[in-house]
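Engineer: Numbered per the numbering used here, the sequence shown finishes at 492, counting up by one with no gaps. What follows is a structure written as structure tokens; I'll ask about it next.
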Amino acid sequence: MNPAAPELLAGLRAILGAEGVLTDAADCAPYLADHRRLYQGRALAVLLPRSPGEVSQLLALCNARRVGVVPHGGNTSYCGGATPDESGRQVVLSLRRLNRLRSVNAANYSLTAEAGCVLAQVQRAADEAGRFFPLSLGSEGSCQIGGNLSTNAGGTAVLRYGMMRDLVLGLEVVLADGRVLEGLSGLRKDNTGYDIRSLFLGAEGTLGVITAANLKLFPQLHSHATALAAVADVRAAVMLLGRLRDASGDRVSSFELIPRIAIELTTRHIEGVRDPLERPYPWYVLCELSSSSATEGLDAVLEAALGAALGEGAVLDAAVARNERERAALWRVRENIPEAQRREGVGLKHDISVAVAALPDFVARAAQWLSGNVPEGRLIAYGHVGDGSLHFNLSAAPGAAPEPFLARADAVRRAVHDLVHEFGGSFSAEHGIGRLKVGELERYASPVELALMRAVKRAFDPHGIMNPGKVLREE
Ligand code: 2HG
Ligand code: ZN
Numbered sequence: 018m019n020p021a022a023p024e025l026l027a028g029l030r031a032i033l034g035a036e037g038v039l040t041d042a043a044d045c046a047p048y049l050a051d052h053r054r055l056y057q058g059r060a061l062a063v064l065l066p067r068s069p070g071e072v073s074q075l076l077a078l079c080n081a082r083r084v085g086v087v088p089h090g091g092n093t094s095y096c097g098g099a100t101p102d103e104s105g106r107q108v109v110l111s112l113r114r115l116n117r118l119r120s121v122n123a124a125n126y127s128l129t130a131e132a133g134c135v136l137a138q139v140q141r142a143a144d145e146a147g148r149f150f151p152l153s154l155g156s157e158g159s160c161q162i163g164g165n166l167s168t169n170a171g172g173t174a175v176l177r178y179g180m181m182r183d184l185v186l187g188l189e190v191v192l193a194d195g196r197v198l199e200g201l202s203g204l205r206k207d208n209t210g211y212d213i214r215s216l217f218l219g220a221e222g223t224l225g226v227i228t229a230a231n232l233k234l235f236p237q238l239h240s241h242a243t244a245l246a247a248v249a250d251v252r253a254a255v256m257l258l259g260r261l262r263d264a265s266g267d268r269v270s271s272f273e274l275i276p277r278i279a280i281e282l283t284t285r286h287i288e289g290v291r292d293p294l295e296r297p298y299p300w301y302v303l304c305e306l307s308s309s310s311a312t313e314g315l316d317a318v319l320e321a322a323l324g325a326a327l328g329e330g331a332v333l334d335a336a337v338a339r340n341e342r343e344r345a346a347l348w349r350v351r352e353n354i355p356e357a358q359r360r361e362g363v364g365l366k367h368d369i370s371v372a373v374a375a376l377p378d379f380v381a382r383a384a385q386w387l388s389g390n391v392p393e394g395r396l397i398a399y400g401h402v403g404d405g406s407l408h409f410n411l412s413a414a415p416g417a418a419p420e421p422f423l424a425r426a427d428a429v430r431r432a433v434h435d436l437v438h439e440f441g442g443s444f445s446a447e448h449g450i451g452r453l454k455v456g457e458l459e460r461y462a463s464p465v466e467l468a469l470m471r472a473v474k475r476a477f478d479p480h481g482i483m484n485p486g487k488v489l490r491e492e
């Protein structure tokens, strides 16, 4: 143990109380490994503050002692963003006890939640106030608002409502030196100089600790129309999106691409999932229209648009949900793709985006490269095609040994990310950089961008204590 550790721990206990500083190995274990088990870290302690004041005091102390602080939410990061390094010299700062819903303001269409609130808790609070909070992700039962903000989370409603960044009216942030940036006013218009607040969104805890946020709410949704449409290829999927947006008065709220292989994996591995259509097709889209009005006749709009597309051969077949149960069954297919892929065995993940219109060419080029170069892999490309964002994942082909497949991981990542770069896209559409993609950021960000990011990091965190080694490598 670092010789100064007992004194530091005593200082932290004086701030947080003995029960707010975990050091026992079994107590700390859940905070030291990431969700995908890519990293196993160590830590001097896990800290459990109950208030922004405590966060401020503990950061001031850690800053003075130059101790690295790793903010930790629901631990659902895909990139190791909330896991400490192996040195055992960092502390983990869990926001989980900072989980008060401070206020709900239905008239202002906003609420203020602390960072440790679970996303589902915020969705429920909005609903109880007759409002709607639209961020929706597979991990919503465990991910926390602070993590959603810090990674600028996406999900399945971005097409209509934007990313987490677009859902924020204000933030309260504790800076590395303990000062507090108060900004929860909830104004929709405020052009007073630089937008400092927006720098913390997507910064993955490297610039400060978000302790609370004022979030935008929307009218509750009172009607949905949902269908799984089979299409021949990605181009047909993208064309269908434009068609549905036009035909519905822009009521499309989700538009998710599903390849045939994902139907096979979910029906094989997930209890109760059945193929919604009678015959197999190469690709599908799960599309959903929604409205705050109960009388808009969205089902008829969707059926008419799909019927016309069927007549022209632009859609090959479709299953329209006739009730909530059928709607849930369609969503169950989509939401379980990651879990079905996990159960199938080892996999490689790429979280990419390109312009929506460029998706068909991107997928064709990337798939062609894979079929020539990775015979032991199968492409499982699915996701948020309405946002130009795909999970361009691979699993080992049936009967293929995992080792030779995994041995190609670096070459595959390079080829996929180089192609994304050639298309002017992003190698991290919605899961962030964390520790996993630090090298990719260095490779693909322009020198100007990197220099500005480093300058921002130095300005906010001159001693480099905030989530060291995430997003940017230490210089
Ligand atoms: C999703 O859209 C998630 O289902 C997970 O972002 C993606 O597991 C993945 O690669
Ligand atoms: Zn996703």
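Glycine included, C-beta positions come from ideal geometry on N, C-alpha and C.
Going by DSSP, what residue range makes up the alpha helix (DSSP H) through Lys474?
Structural biologist: Stepping through the sequence shown from its first residue, residue 474 is reached at position 457. Its alpha helix (DSSP H) spans residues Pro464 to Phe477.
Engineer: Less than 7 Å separating the Cβ of Gly171 from some heavy atom of the ligand MG?
Structural biologist: Here the bound small molecules are the ligand 2HG and the ligand ZN; the ligand MG is not part of this structure.
Engineer: Could you tell me the boundaries of the alpha helix (DSSP H) in which Val391 lies?
Structural biologist: Position 374 of the sequence shown, counting from 1, holds the residue named residue 391. Element bounds for Val391: n/a, residue is neither H nor E.
Engineer: Could you check whether the Cβ of Lys233 sits closer than 7 Å to any heavy atom belonging to the ligand 2HG?
Structural biologist: Indexing the sequence shown from 1 puts residue 233 at position 216. No; taking the cut-off as 7 Å, the Cβ of Lys233 has no heavy atom of the ligand 2HG nearer than that.
Engineer: Give me, in chain order, the residues of the same chain whose beta-carbon lies closer than 6 Å to that of Val520; leave out the 5 immediate sequence neighbours on both sides.
Structural biologist: The requested residue 520 is not part of the displayed model; the chain covers only 18 to 492.
Engineer: If the criterion is Cβ atoms closer than 8 Å, does the pair Ala335 and Ala242 meet it?
Structural biologist: The sequence position of residue 335 within the sequence shown is 318, counting from 1. The sequence position of residue 242 within the sequence shown is 225, counting from 1. No, these two residues do not count as a Cβ contact at 8 Å.
Engineer: Given a threshold of 16 other Cβ atoms within 10 Å of its Cβ, counted over all protein chains shown, does Gly330 qualify as buried or as exposed?
Structural biologist: On the sequence shown, position 313 is the one that residue 330 refers to. Looking at its Cβ environment, which holds fewer than 16 other Cβ atoms inside 10 Å, Gly330 is exposed.
Engineer: Please state whether DSSP places Cys79 in a helix, a strand or coil.
Structural biologist: Position 62 of the sequence shown, counting from 1, holds the residue named residue 79. Residue state, collapsed to three classes: helix.
Engineer: Using only the heavy atoms of the ligand 2HG, determine whether one of them is closer than 7 Å to the beta carbon of Lys366.
Structural biologist: Locating residue 366 in the sequence shown gives position 349, counting from the first residue. Distances between the C-beta of Lys366 and the heavy atoms of the ligand 2HG include at least one below 7 Å.
Engineer: Here's the rule: buried if 16 or more other CB atoms are within 10 angstroms of the residue's CB, otherwise exposed. What is Ser271?
Structural biologist: Stepping through the sequence shown from its first residue, residue 271 is reached at position 254. Buried, since its Cβ has 16 or more Cβ neighbours within 10 Å.
Engineer: Give a single yes or no on whether Pro485 has its beta carbon closer than 7 Å to a heavy atom of the ligand 2HG.
Structural biologist: For this step, residue 485 is matched to residue 468 along the sequence shown. No; taking the cut-off as 7 Å, the Cβ of Pro485 has no heavy atom of the ligand 2HG nearer than that.
Engineer: Output the boundary residues of the beta strand (DSSP E) element that contains Thr243.
Structural biologist: Translated into the one-based positions of the sequence shown, residue 243 becomes position 226. Ser240 to Val248 is the span of the beta strand (DSSP E), which, as asked, contains Thr243.
Engineer: Does the stretch 250 to 259 touch the stretch 125 to 144, meaning 3 or more C-beta pairs lie closer than 8 Å?
Structural biologist: no
Engineer: With a 10 Å radius around its C-beta and 16 neighbouring C-beta atoms as the bar for buried, classify Lys366 as buried or exposed.
Structural biologist: Position 349 of the sequence shown, counted from the start, is the residue given in the question as residue 366. By the 10 Å Cβ count, Lys366 comes out buried.
Engineer: What's the C-alpha gap between Leu467 and Ala432?
Structural biologist: Numbered from its first residue, the sequence shown carries residue 467 at position 450. Numbered from its first residue, the sequence shown carries residue 432 at position 415. Roughly 22 Å separates the two Cα atoms.
Engineer: Just to confirm, are Arg579 and Arg30 a CB contact at a threshold of 8 Å?
Structural biologist: The question about residue 579 has no answer, for the chain in this structure spans 18 to 492.
Engineer: Just to confirm the assignment: which complete beta strand (DSSP E) runs, minimum length 3, are found wholly within the stretch 252 to 332?
Structural biologist: 269 to 276 and 300 to 308
Engineer: Can you look up Val488 in the DSSP assignment and give me helix, strand or coil?
Structural biologist: Looking up residue 488 in the sequence shown gives position 471. Val488 falls in the coil class under three-state DSSP.
Engineer: Could you tell me whether the stretch 203 to 216 touches the stretch 337 to 346, using the rule of 3 or more Cβ pairs below 8 Å?
Structural biologist: no
Engineer: Checking the sheet assignment: what are the DSSP bridge partners for Pro236?
Structural biologist: Position 219 of the sequence shown, counted from the start, is the residue given in the question as residue 236. Looking at the DSSP assignment, Pro236 forms a beta bridge with Arg148.
Engineer: What residues in its chain sit with their C-beta under 7 Å from that of Asn165, if we drop five residues either side in the sequence?
Structural biologist: Within the sequence shown, the letter at position 148 stands for residue 165. So the qualifying residues of the chain are Leu136, Leu152 and Met181.
Engineer: Within the same chain, show all residues whose beta-carbon is closer than 7 Å to that of Arg260, passing over the 5 residues directly before and after it, in chain order.
Structural biologist: Taking the sequence shown and counting its residues from 1, one reaches residue 260 at position 243. Around Arg260: Ala322 and Ala326.
Engineer: Do the stretch 409 to 418 and the stretch 446 to 456 meet, that is, are 3 or more Cβ pairs less than 8 Å apart?
Structural biologist: no
Engineer: If we call anything under 8 Å between Cβ atoms a contact, is Leu188 one with Ala123?
Structural biologist: To locate residue 188, count along the sequence shown from 1; it is residue 171. To locate residue 123, count along the sequence shown from 1; it is residue 106. Taking 8 Å as the Cβ cut-off, Leu188 and Ala123 do not qualify as a contacting pair.
Engineer: Going by the DSSP bridge assignment, what does Asp212 pair with across the sheet?
Structural biologist: Stepping through the sequence shown from its first residue, residue 212 is reached at position 195. Note: Asp212 sits in no beta bridge, so no partner.
Engineer: Determine the closest residue to Leu453 out of Glu157, Arg430 and Gly400, with distance taken between C-alpha atoms.
Structural biologist: By one-based count along the sequence shown, residue 453 stands at place 436. Considering only alpha carbons, the answer is Arg430.
Engineer: Does DSSP put Tyr178 in a helix, a strand or coil?
Structural biologist: As a working mapping, residue 178 is identified with position 161 in the sequence shown. Note: Tyr178 maps to helix in three-state DSSP.
Engineer: Where Phe217 and Glu393 are concerned, what is the direct C-alpha to C-alpha distance, given to the nearest angstrom?
Structural biologist: Counting from one through the sequence shown, the residue named residue 217 turns up at place 200. Counting from one through the sequence shown, the residue named residue 393 turns up at place 376. Cα to Cα, Phe217 sits roughly 41 Å from Glu393.
Engineer: The ligand ZN and His408: does the residue's C-beta get closer than 7 Å to at least one heavy atom of that ligand?
Structural biologist: By 1-based counting over the sequence shown, the position of residue 408 is 391. Checking every heavy atom of the ligand ZN against the Cβ of His408, one is found closer than 7 Å.
Engineer: Would you list, in sequence order, the uninterrupted alpha helix (DSSP H) runs of no fewer than 4 residues that lie entirely inside the stretch 28 to 68?
Structural biologist: Within the stretch 28 to 68, the complete alpha helix (DSSP H) runs of at least 4 residues are 42 to 45.
Engineer: With respect to the beta strand (DSSP E) encompassing Glu131, which residues constitute its N-terminal and C-terminal limits?
Structural biologist: Taking the first residue of the sequence shown as 1, we reach residue 131 at position 114. Here the beta strand (DSSP E) through Glu131 covers Ser127 to Glu131.
Engineer: On the DSSP bridge assignment, give the partners of Glu189 in chain order.
Structural biologist: Counting from 1 along the sequence shown, the entry for residue 189 is found at position 172. Answer is Glu199 and Ala229, bridged to Glu189.
Engineer: Could you tell me the boundaries of the alpha helix (DSSP H) in which Arg460 lies?
Structural biologist: For the purposes of this step, residue 460 is taken as residue 443 along the sequence shown, with counting starting at 1. Segment Val455 to Tyr461, the alpha helix (DSSP H) holding Arg460.
Engineer: With a cut-off of 8 Å, do at least 3 Cβ pairs link the stretch 226 to 240 to the stretch 290 to 303?
Structural biologist: They do not touch, by the three-pair rule.
Engineer: Is it buried or exposed, His239, if we count other Cβ atoms within 10 angstroms and call 16 or more buried?
Structural biologist: Taking the sequence shown and counting its residues from 1, one reaches residue 239 at position 222. So His239 counts as exposed.
Engineer: As an exercise, report each continuous alpha helix (DSSP H) stretch of at least 4 residues that is fully enclosed by the stretch 343 to 430, in chain order.
Structural biologist: 354 to 361, 376 to 390 and 419 to 424
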